[in-house]
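Take the sequence shown: its letter number 31 is residue 1193 in this note's numbering, and every next letter is one higher. The block underneath contains the structure these notes are about, expressed in structure tokens.
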Amino acid sequence: MVINTIVDEYREAVRQCMLSATKDNGELQLTEKEVNARLASFSDDDLAFGMPFNTPEETANMLLAE
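Quick look at the structure:
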């Protein structure tokens, strides 16, 4: 379905932002396992609801702040 593809692409963009986020000392903020766990806490419906209002970067920052 087209909507699922868009949500999947958005989820992957958020994931990539989270994976590349670093601390002040240059270390990664989260491991891949931690990123996947945090992102899994958002359903496709949650992401689809926020997509018109938040860029993937904004969503990633929100999830990183948890």
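Each residue gets a CB set at the ideal place from its N, CA and C atoms; glycine is no exception. Because the structure is a prediction, the values reported are computed rather than measured.
Between the Cα of residue i and the Cα atoms of the options, which residue gives the shortest distance?
{"i": "Asn1223", "options": "Gly1188, Ser1182, Asn1166, Ile1168", "result": "Ser1182"}
Below 8 Å CB to CB, which residues in the same chain sit around residue i once its five sequence neighbours on both sides are set aside?
{"i": "Lys1185", "result": "Gln1191"}
{"i": "Met1180", "result": "Gln1191, Leu1192, Val1197, Arg1200, Leu1201, Ala1222, Leu1225, Leu1226"}
From the DSSP secondary-structure annotation, give me the bridge partner or partners of residue i.
{"i": "Leu1190", "result": "Thr1184"}
From residue i to residue j, what does the alpha carbon distance come to, in whole angstroms?
{"i": "Phe1211", "j": "Glu1194", "result": "25 Å"}
{"i": "Met1213", "j": "Tyr1172", "result": "8 Å"}
{"i": "Asn1216", "j": "Ser1203", "result": "17 Å"}
{"i": "Ser1205", "j": "Glu1228", "result": "16 Å"}
Return the chain-ordered list of same chain residues with a C-beta closer than 6 Å to the C-beta of residue i, the five sequence neighbours on each side being excluded.
{"i": "Glu1219", "result": "Cys1179"}
Please report the residue range of the alpha helix (DSSP H) in which residue i lies.
{"i": "Glu1220", "result": "1218–1226"}
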